Amino acid sequence: MPTDASFSVPDISFPSMKDLRTACLSLPEPDRACGDRIRQRDALLTKPPGSLGRLEELALWLGEWQGTERPVLDKVQITIFAGNHGVVQRGVSPWPSDVTSQMVANFEHGGAAINQLARTAGADLNVVCLQNLKATEDLSQTAAMTEEDFLFAVSAGYRAVPKDADLFCPGEMGIGNTTPAAALCAALLGGTGKDWAGRGTGLDDDGLKLKAAVIDEAITFHKDTLSDPLEVARCLGGYELAAIMGGVLAARHNSIPVLLDGFVCTAAVLPLVKIAPEGLDHTRLSHCSAEAGHRNLAASLMLEPLLDFGLRLGEASGSGLAIPLLRGAIACHNGMATFAEASVSQKSAPSTE
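Structure (structure tokens):
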């Protein structure tokens, strides 16, 4: 839970932007002493130092945030946040908004890719629909969300994270949501719509130009809010993006490590790191999406993806694939014998004579 006693959110919700801002600045640190013990054990395992590469770093990361030198993944939670977007009426997606609710039904009946990946990874999966899938306003013409609706969505995401989770993996579903994701990047990192807009679910060249132009319109319309990351998230984001931000914040307050997914998911948490530079220290990036802009976004946040498989599906699919990597890291760290236990000779120290 938060280390700052001044942070208090009644019923785990955010009644005001001030309360949310305070929560974004009240961030617990990892257990560094536990990290030291993990490094000490790693140095004794039957392998050359560093020979397991990033698996060693992942075990350290999980252990420091879980507060144990023997990290576990007994309860892995994947939560898909679903929402719709008024900007779709501008033609930024070749798919109608009805597909969002149809895909939610597909998730619930076990027919989507993430259902198969979650099952294979040994993760729990649930879906949270925001505002009963009522669309936001058109972000190019007005604020996407009222302050009340924005705080409601952030709070819904915050409440969706089980406090006993060992790992939290947010995902998203929302036709047209790569447009607000790109708009957030342009607003908070600079650049134009052309720099950040991608083809999403299959835009042709004309559609891509239109999408970039709509993003530029939105940035111009909301130019007076660009200095405030939370206002940017409210005016240019979406319900499911706000919920993802709330979920990742809740995970931090409960010292739960987080695997981020693709472009939309990563853009959704960009406001957190703009408020507090250490705001994403408890996260790792599961993969690099094929969606234009994700590689540059990841580099800007100094997040090195675990996988690069050309995915652009969303749904937390990258996280679903990466969870077994984390399980492998834990299995090696917890299960390997030390040199003494295995009666294996260690490398001799260089002679000082």
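For reference, each letter of the sequence shown is one residue, going 51 to 403 in our numbering.
The beta carbon of each residue, even a glycine, is placed where N, CA and C say it ideally should be.
Remember, predicted model here, so these are calculated numbers, not experimental data.
Through-space distance from R140 to G257, alpha-carbon basis
Locating residue 257 in the sequence shown gives position 207, where the first residue counts as 1. Locating residue 140 in the sequence shown gives position 90, where the first residue counts as 1. Between G257 and R140, the C-alpha separation is close to 10 Å.
Segment limits, beta strand (DSSP E) that includes D174
Sequence index remark: in the sequence shown, residue 174 carries index 124 (1-based). D174 to C179 is the extent of the beta strand (DSSP E) around D174.
Reference A283; option with closest CA among V298, L351 and A194
Stepping through the sequence shown from its first residue, residue 283 is reached at position 233. The residue with the shortest Cα to Cα distance from A283 is A194.
Please report the distance separating the alpha-carbon of F64 from that of F202.
In the sequence shown, the residue the question calls residue 64 occupies position 14. In the sequence shown, the residue the question calls residue 202 occupies position 152. Using only the alpha carbons, I get a separation of about 7 Å.
Tell me whether L253 sits in a helix, a strand or coil according to DSSP, three-state version.
By 1-based counting over the sequence shown, the position of residue 253 is 203. It is coil, neither helix nor strand.
Can you give me the start and stop residues for the beta strand (DSSP E) that L310 sits inside?
Numbered from its first residue, the sequence shown carries residue 310 at position 260. Unbroken beta strand (DSSP E) run through L310: V308 to L310.
Using 10 angstroms around the beta-carbon of P146, count the other beta-carbons present and answer buried if the total reaches 16, otherwise exposed.
The residue you call residue 146 lines up with position 96 of the sequence shown. P146 should be labelled exposed.
Please look up how many angstroms separate the CB atoms of P220 and C315, rounded, as I've assumed it's under 8 Å.
Within the sequence shown, numbered from 1, the residue matching residue 220 stands at position 170. Within the sequence shown, numbered from 1, the residue matching residue 315 stands at position 265. Right, the Cβ-Cβ distance comes to about 6 Å (below 8 Å), so this counts as a contact.
So which of T196, W246 and A366 has the shortest CA-CA distance to C285?
Counted from its first residue, the sequence shown places residue 285 at position 235. Closest by alpha carbon: T196.
Candidates R345, I373 and K68: which alpha carbon is nearest G360's?
Position 310 of the sequence shown holds residue 360. Nearest option by C-alpha distance: R345.
Check V211 in the structure and name its three-state DSSP category.
For the purposes of this step, residue 211 is taken as residue 161 along the sequence shown, with counting starting at 1. V211: coil per DSSP, three-state reduction.
Segments of 4+ residues assigned as alpha helix (DSSP H) that fall wholly inside the stretch 186-235:
197-209
I need the DSSP call for R87, collapsed to helix, strand or coil.
Indexing the sequence shown from 1 puts residue 87 at position 37. Here R87 sits in helix by DSSP.
Could you check if S143 is buried or exposed, using at least 16 other CB atoms within 10 Å of its CB as the buried criterion?
Translated into positions along the sequence shown, residue 143 becomes position 93. S143 is buried by the Cβ-count criterion.
Inter-residue Cα distance where the pair is A232 and A326
Taking the first residue of the sequence shown as 1, we reach residue 232 at position 182. Taking the first residue of the sequence shown as 1, we reach residue 326 at position 276. Distance between the alpha carbons of A232 and A326: 21 Å.
Rounded C-alpha distance that separates W355 from G368
If you number the sequence shown from 1, residue 355 lands on position 305. If you number the sequence shown from 1, residue 368 lands on position 318. Per the sequence presented here, residue 355 reads as Pro, with Trp not at that position. Spanning the two alpha carbons is a distance of roughly 10 Å.
Have a look at K97, G161, A340 and K184 and flag the residue whose alpha-carbon is nearest the alpha-carbon of E391.
In the sequence shown, counting from the first residue as 1, residue 391 sits at position 341. Checking every option, the nearest Cα to that of E391 belongs to K97.
Buried or exposed (CB count within 10 angstroms, at least 16 for buried), A55
As a working note, residue 55 is residue 5 in the sequence shown. Residue placement at A55 is flagged as unreliable, the pLDDT there being 32, under the threshold of 50; a coordinate-derived value is accordingly withheld.
Three Cβ pairs or more, each shorter than 8 Å: is that satisfied between the stretch 257-273 and the stretch 287-299?
no
Taking the alpha-carbon positions, what's the A173 to D274 distance?
On the sequence shown, position 123 is the one that residue 173 refers to. On the sequence shown, position 224 is the one that residue 274 refers to. Each residue's Cα considered, the two are about 42 Å apart.
Between the C-alpha atoms of G152 and A317, what's the straight-line distance to the nearest angstrom?
As a position in the sequence shown, residue 152 is number 102, starting the count at 1. As a position in the sequence shown, residue 317 is number 267, starting the count at 1. According to the sequence displayed, residue 152 carries Gln and not Gly. Cα to Cα, Q152 sits roughly 24 Å from A317.
Please identify the residue among V211, G113, I130 and E290 whose C-alpha is closest to the C-alpha of D199.
Translated into the one-based positions of the sequence shown, residue 199 becomes position 149. It is E290.
Measuring CB to CB, does G224 end up less than 8 Å from N134?
Position 174 of the sequence shown, counted from the start, is the residue given in the question as residue 224. Position 84 of the sequence shown, counted from the start, is the residue given in the question as residue 134. Yes, they are a contact pair.
Thinking C-beta only, is A366 closer than 8 Å to H337?
Counted from its first residue, the sequence shown places residue 337 at position 287. Counted from its first residue, the sequence shown places residue 366 at position 316. In this structure, A366 does not lie closer than 8 Å to H337 by Cβ.
Closest Cα partner of V178 within the set I265, E158, E328 and V319
Stepping through the sequence shown from its first residue, residue 178 is reached at position 128. With distances taken between Cα atoms, V178 lies closest to E158.
Relative to the alpha-carbon of G329, which residue among P78, S66, V154 and M67 has its alpha-carbon at the smallest distance?
Here residue 329 corresponds to residue number 279 of the sequence shown, with the count starting at 1. Measuring from the Cα of G329, the nearest candidate turns out to be P78.
Taking buried to mean at least 16 other C-beta atoms within 10 Å of its own C-beta, is T170 buried or exposed?
For this step, residue 170 is matched to residue 120 along the sequence shown. That one is exposed.
Tell me which residues share the same chain as L180 and place their Cβ nearer than 7 Å to its Cβ, disregarding the 5 neighbours each side in the sequence.
The residue labelled residue 180 in the question sits at position 130 within the sequence shown. So the list reads F131, A132, G133, A203, A206, Y289, E290 and A293, once near-sequence residues are dropped.
Which of helix, strand or coil does DSSP assign to N304?
Sequence index remark: in the sequence shown, residue 304 carries index 254 (1-based). The answer is coil: DSSP assigns N304 none of H, G, I, E or B.
Okay, do the stretch 375-382 and the stretch 105-125 touch, 3+ Cβ pairs below 8 Å being the bar?
yes
Between the Cα of A424 and the Cα atoms of G364, P321, E187 and N304, which residue gives the shortest distance?
Outside the displayed span of the chain (51 to 403) sits residue 424, for which this structure offers no information.
Kindly list the residues whose CB is nearer than 6 Å to the CB of D342, restricted to its own chain and excluding five residues on each side of it in sequence; keep chain order.
What you label residue 342 is simply residue 292 of the sequence shown in a count that begins at 1. First, the residue type needs correcting, since residue 342 is Ala and not Asp in the sequence shown. Cβ neighbours of A342 beyond the five flanking positions: G248.
Proximity of E114 and R82 at Cβ, strictly below 8 Å:
The count along the sequence shown starts at 1 and reaches residue 114 at position 64. The count along the sequence shown starts at 1 and reaches residue 82 at position 32. Contact flag set, yes.
Best match in H383, D188 and Y208 for proximity to H303 [C-alpha to C-alpha]
For the purposes of this step, residue 303 is identified with residue 253 of the sequence shown, where counting begins at 1. The candidate whose alpha carbon is nearest that of H303 is Y208.
Note down the Cα distance separating W111 from D245, rounded to an integer number of angstroms.
By one-based count along the sequence shown, residue 111 stands at place 61. By one-based count along the sequence shown, residue 245 stands at place 195. One C-alpha to the other measures close to 33 Å.
Using a 10 Å radius around the Cβ and a threshold of 16 neighbouring Cβ atoms, would you call Q116 buried or exposed?
Taking the sequence shown and counting its residues from 1, the one referred to as residue 116 is at position 66. So Q116 ends up on the buried side.
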